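Residues 281 to 1170 (the numbering used here) make up the sequence shown, in order.
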Amino acid sequence: MSINTFQAKSDLTVGNKQYQIYRLDAVPGLEKLPYSLKILAENLLRTEDGANVTAKHIEALAHWDADAVPSEEIQFTPARVVMQDFTGVPCVVDLATMREAVADLGGNPDKINPLNPAEMVIDHSVQIDVFGTNDALERNMDIEYERNGERYQFLCWGQTAFDNFKVVPPGTGIVHQVNIEYLARVTMTRECDGVVEAYPDTCVGTDSHTTMVNGLGVLGWGVGGIEAEAAMLGQPVSMLIPRVVGFKLTGEIPTGATATDVVLTITQKLREHGVVGKFVEFYGEGVSQVPLANRATIGNMSPEFGSTAAIFPIDDVTLDYLRLTGRSEDQIALVEAYAKEQGLWLDPNAQIQYSEYLELDLSTVVPSIAGPKRPQDRIELSNSKASFEEVLPSYLGENAAREAVDITLGDGAQTRVTHGDVVIASITSCTNTSNPSVMLAAALLAKKAVAKGLKSKPWVKTSMAPGSKVVTDYYEKAGLWPSLEALGFNLVGYGCATCIGNSGPLPEEVSRAVNENDLTVVSVLSGNRNFEGRINPDVKMNYLASPPLVIAYALAGTMDFDFDKEPLGTDLEGNEVFLADIWPTPQEVQETIEHTIDSDMFARNYASVFDGDARWKSISTPEGEVFAWDPQSTYVRKAPYFDGLTMELSPVSDISGARVLAKLGDSVTTDHISPAGAIKPDSPAGRYLAEHGVERRDFNSYGSRRGNHEVMIRGTFANIRLRNQLLGGVEGGYTKNFLTGTQEAIYDAAQDYAKHDIPLVVLGGKEYGSGSSRDWAAKGTSLLGVKAVIAQSFERIHRSNLIGMGVLPLQFPAGESADSLGLSGEEVFDIIGIEELNSGTTPQTVRVRATSDDGRVVEFDAIVRIDTPGEADYFRHGGILQYVLRQLAQ
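Below, the structure written as structure tokens:
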């Protein structure tokens, strides 16, 4: 209940319905704010309670200084939470564990319930085991249910045991596409004390690409699962009022370029500019020319350029999309009326002050790809061959084959594979599969290619994983499936698939040739992530591309290819066929969109979105408000975070005698830290599963086992491409155990240190923890016994997650690094000054002392990256969940 200091409470009549709103114009100064900050201001007006949110916080927004360094903390209360299953299952595990812990502390287990809508879409579990056949979808889903039965049973229990929690079953779509097509309200309503309130739709999600919903004018971003759990339980998200980058769009996308090329260009531009921790807001007359699907594609890539959010204001384009996707006319009328009443409607002539300004003329965008290992490394398509040839030598090992290798495929066909061959071409991921312009461009290109007699190369694993069933519907209506299937792009599932690392195994004969001859082969995917070791363990180089270019690379079969100068093949008359000959025109794409996509498709596909198919309905659902844990389960186990928890806080202590678990370089991502992809049999996690009677074929992926901390802790820092500088040139999840002087798996060494009560630290470089909002990157770090991470800079979500798990994020002094300070990582570390937190204040710096075996001492003042008082509270409690649990138990 708001205490309404500014008398902002008012009425809004829409049609014959009346709503209560909190008027922004009640506070002078709020009308000048950027769109995104207006949404934050309304949030504070509505949740003002005199404690977490005060009049002072609202005034801070009214007097926002666009040029100032962020320093004012506010408490943002999202309207809802969205989850995908990889990160969502641990959330539900933690909530189930919290119910028991609250009871142990003398509280009421029923208090552990989402207070606002929490919706999960199961989209990360489908793996591409079967491809290139018309029954691939059904066979992959059968395997998915067989692998994930325990998890799905647990989630079925969750949606019956918890209020305000719903699950979208497997085989429906990707969470972010389902979010924009169905879950997003744009303007929320709820009944409060007999009155219906209307307020902006806002959300946080357990996936960094939650920002896709920014394209609809909904403010939301990705958080770690631990933050999402706290938000579900009514805890506000603590944040600094951010700087806002105004990004002006002008012009139109030229022929030959796609929305994917636009986002790769924007990603490169914003990553170079530097937008970590900032909001990006698109403005100008050009915004109204950007279709909603393109807005969503741009918003989706916000994590790739590093911003917290990348938002478009509401306008007629928004309303048209809501109408197309089957939202009710009452809801659309409310969205329009509320946005206009509150000054949230796009005004291209408004004079808004931003912190920084950027501009892009869309007419300058050219066809592009990005890679081979980061989404911001854009390459113009015309330069792709030269770029590939330039970087290839750095990937070739001493034992790599120097000639092409002959192989016999499963069907008996003879072929050859060599360095640079594209072995995976996948239309996948949320970024592009929501966008009809690029999806239909791909299908039309396929139709023209088939008409010319072109075929995908036989060594390419091809796949099509749409973001929702609507894509299937418009492909069928346009008659385009036969052409896609003729090139091997059969429907394999609805989900993240290749982009999340669920590409499935390569054909055995291809995999054997790659590994025995150390071939550097390539994946091309229409995704947003191409970090090392993510896509497939056999593939070293990964490139992001638009869906039509994914098909083009399947036809070419190699990255060592110039589309301008080299033909893709010959037509039926023997004439050379170039990419330009089969590239669809914008007019063809637009006409196909207009003739094939209608609102009935959306209404039909989402009418029973929570029901699921016969497989889902046949799952036996456990009952009871407390989950009955199966001690034999290797998928779902009770979380250990609350073991021995008491209501009294243990004082924060300085760190003494710590050893370095890993010394890492720049751009270490959460993919390097968090367990992801396939579980190797000889890894600590593989050994654990084997010891528990799991056959190798049933190991499944780390993502699917996120509900089992025993598997996940063993897979933390286990990425096959991780380079721990304690070991020189060694790749993989290994470290030097200073107790024995030997090389060991990171998990095994950490267990040895724990037996001797030795705390651990990690040394990192720039952009530590970039990538997906993976809570296990922080959970695993904490459970390994790491007490502090010292890096040159942190990405926003991972820094926050470390604090949420009781791990101290420290930053080297400006301009310094482990190497510049002469730290080898072999030193013993003491960190002094942390105990100041016990007095209720947060030190700006702490003293770090590193002592070598020879007695040499390096000392420096590390910056404490606990950025807000709220984060300090979480750290004092040992983590955000412990903090919430104690509040609820009281």
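Quick reminder that beta carbons are idealized off the backbone N, C-alpha and C, glycines included. On a predicted model such as this, the values are computed, not experimentally measured, just so you know.
- For D1099, which of H1078, R682, V1138, A887 has the nearest alpha-carbon? In the sequence shown, the residue the question calls residue 1099 occupies position 819. The option with the nearest alpha carbon to D1099 is V1138.
- Item | Inter-residue spacing [alpha-carbon to alpha-carbon] between E669 and D657 | Numbered from 1 along the sequence shown, position 389 holds the residue referred to as residue 669. Numbered from 1 along the sequence shown, position 377 holds the residue referred to as residue 657. Straight-line Cα distance between these residues: approximately 15 Å.
- Item | Segments of 3+ residues assigned as beta strand (DSSP E) that fall wholly inside the segment 457-519 | 467-472, 475-480, 482-485, 499-502
- Where does V615 sit, in a helix, a strand or coil, going by DSSP? Residue numbering aside, residue 615 sits at position 335 when the sequence shown is read from its first letter. Residue state, collapsed to three classes: helix.
- Query: Once you ignore the five residues that flank F769 on each side, which residues in its own chain have a CB closer than 6 Å to its CB?
  - Reply: Residue numbering aside, residue 769 sits at position 489 when the sequence shown is read from its first letter. Counting only Cβ-Cβ distances below 6 Å, and skipping sequence neighbours, we find T742, M744.
- Item | From V1010, Q300, V1066, residue whose alpha carbon lies closest to that of Y1027 | To locate residue 1027, count along the sequence shown from 1; it is residue 747. Checking every option, the nearest Cα to that of Y1027 belongs to V1066.
- Where G1135 and V1108 are concerned, what is the direct C-alpha to C-alpha distance, given to the nearest angstrom? For this step, residue 1135 is matched to residue 855 along the sequence shown. For this step, residue 1108 is matched to residue 828 along the sequence shown. Roughly 10 Å between the two C-alpha positions.
- If you measure from the CB of D946, is any heavy atom of the ligand COA nearer than 7 Å? In the structure on display, the ligand COA does not appear, and there are no ligands present to speak of.
- Pull up the CB-CB distance for S643 and I1077, whole angstroms please, since I reckon it's below 8 Å. Here residue 643 refers to the residue found at position 363 when the sequence shown is read from its first residue. Here residue 1077 refers to the residue found at position 797 when the sequence shown is read from its first residue. Not really, about 34 Å apart at Cβ, beyond 8 Å.
- Chain-order list of residues whose beta-carbon lies under 7 Å from that of G557 (same chain, five-residue window excluded): As a position in the sequence shown, residue 557 is number 277, starting the count at 1. Closer than 7 Å at Cβ, skipping near neighbours: P522, T588, R1076.
- Task: Look up Q1031 in the DSSP assignment and give the residues it is bridged to.
- Result: As a working mapping, residue 1031 is identified with position 751 in the sequence shown. Looking at the DSSP assignment, Q1031 forms no beta bridge with any residue, so it has no partner.
- Message: My parser needs the alpha helix (DSSP H) runs of 4 or more residues fully inside the segment 386-448; what are they?
- Response: Listed in chain order, they are 416-441.
- Go ahead and pull the three-state DSSP assignment for D701. What you label residue 701 is simply residue 421 of the sequence shown in a count that begins at 1. Correct three-state label for D701: strand.
- Task: Quick one: grab the DSSP three-state call for G1084.
- Result: Numbered from its first residue, the sequence shown carries residue 1084 at position 804. It is helical.
- Message: Assuming contact is defined by CB atoms lying nearer than 8 Å, are V932 and R792 in contact in what I supplied?
- Response: Residue numbering aside, residue 932 sits at position 652 when the sequence shown is read from its first letter. Residue numbering aside, residue 792 sits at position 512 when the sequence shown is read from its first letter. No; because the gap between Cβ atoms is not below 8 Å, this pair is not in contact.
- Taking three-plus beta-carbon pairs below 8 Å as touching, is the segment 980-989 in contact with the segment 1020-1035? no
- Item | Counted within 10 angstroms of its Cβ, other Cβ atoms place S274 as buried (16 or more) or exposed | Any answer about residue 274 is impossible in this case: the structure gives the chain only from 281 up to 1170.
- Less than 8 Å between the CB atoms is what I'm expecting for G892 and P308, so what's the real figure, rounded? Your numbering for residue 892 matches position 612 in the sequence shown. Your numbering for residue 308 matches position 28 in the sequence shown. 51 Å between Cβ atoms; not a contact.
- Query: Looking at the unbroken alpha helix (DSSP H) that takes in S806, where does it start and where does it end?
  - Reply: Position 526 of the sequence shown, counted from the first residue, corresponds to residue 806. No alpha helix (DSSP H) contains S806, which DSSP labels as neither H nor E.
- Any idea if F890 is buried or exposed, counting beta-carbon neighbours within 10 angstroms, 16 or more meaning buried? Against the sequence shown, residue 890 aligns to sequence position 610. Burial call: exposed.
- Task: Tell me whether Y637 is buried or exposed, calling it buried when 16 or more other Cβ atoms sit within 10 Å of its Cβ.
- Result: Along the sequence shown, one-based indexing puts residue 637 at 357. With fewer than 16 other Cβ atoms from the protein chains shown falling within 10 Å of its own Cβ, Y637 counts as exposed.
- Looking at V802 and V702, is the spacing between their C-beta atoms short of 8 Å? Counted from its first residue, the sequence shown places residue 702 at position 422. Counted from its first residue, the sequence shown places residue 802 at position 522. For V702 and V802, yes; Cβs fall inside 8 Å.
- Query: For W625, which of helix, strand or coil comes out of DSSP?
  - Reply: One-based indexing of the sequence shown puts residue 625 at position 345. Strand at W625.
- Query: What first and last residue would you give for the alpha helix (DSSP H) that runs through E585?
  - Reply: Numbered from 1 along the sequence shown, position 305 holds the residue referred to as residue 585. A small correction: the amino acid at residue 585 is Phe; Glu does not occupy that position in the sequence shown. Residues 582-585.
- For the alpha helix (DSSP H) that L604 lies in, which residues bound it at each end? Your numbering for residue 604 matches position 324 in the sequence shown. 596-604 is the extent of the alpha helix (DSSP H) around L604.
- How many Å lie between E621 and L1117 at the Cα? Position 341 of the sequence shown, counted from the start, is the residue given in the question as residue 621. Position 837 of the sequence shown, counted from the start, is the residue given in the question as residue 1117. Those two C-alpha atoms are separated by around 45 Å.
- Message: The beta strand (DSSP E) that contains Q300, what's its start and end?
- Response: Translated into the one-based positions of the sequence shown, residue 300 becomes position 20. Residues 297-302.
- Task: Would you decide whether A860 is buried or exposed? Buried here means 16 or more other CB atoms lie within 10 Å of its CB.
- Result: The residue given as residue 860 occupies position 580 in the sequence shown. The residue is exposed, with fewer than 16 neighbouring Cβ atoms inside 10 Å.
- In this structure, what does DSSP give as the bridge partners for M378? Here residue 378 refers to the residue found at position 98 of the sequence shown. DSSP, once it has assigned bridges, lists no residue as partnering M378.
- Item | Cβ-based neighbour list, I780, same chain, cut-off 6 Å, excluding 5 preceding and 5 following | Here residue 780 refers to the residue found at position 500 of the sequence shown. Answer for I780: H404, listed in chain order.
- Please classify V349: is it buried, with 16 or more other beta-carbons within 10 angstroms of its beta-carbon, or exposed? For the purposes of this step, residue 349 is taken as the residue at position 69 of the sequence shown. Exposed, because fewer than 16 other Cβ atoms sit within 10 Å of the Cβ of V349.
- Looking at T914 and H875, is the spacing between their C-beta atoms short of 8 Å? As a working note, residue 875 is residue 595 in the sequence shown. As a working note, residue 914 is residue 634 in the sequence shown. Not closer than 8 Å, so no.
- Is G1051 helix, strand or coil when you go by DSSP? Along the sequence shown, one-based indexing puts residue 1051 at 771. Coil at G1051, not helix or strand.
- Query: Among the residues of its own chain, which have a CB less than 7 Å from the CB of A958, if the five just before and after it don't count?
  - Reply: Here residue 958 refers to the residue found at position 678 of the sequence shown. These residues qualify, in order along the chain: P817, S981.
- Beta-carbon separation of L1090 and R1145 under 8 Å? For the purposes of this step, residue 1090 is taken as residue 810 along the sequence shown, with counting starting at 1. For the purposes of this step, residue 1145 is taken as residue 865 along the sequence shown, with counting starting at 1. Contact flag set, yes.
- Take the Cβ of N574 as the centre, count every other Cβ of all protein chains shown within 10 Å, and call the residue buried at 16 or more, exposed below. Translated into positions along the sequence shown, residue 574 becomes position 294. Under this definition N574 is a buried residue.
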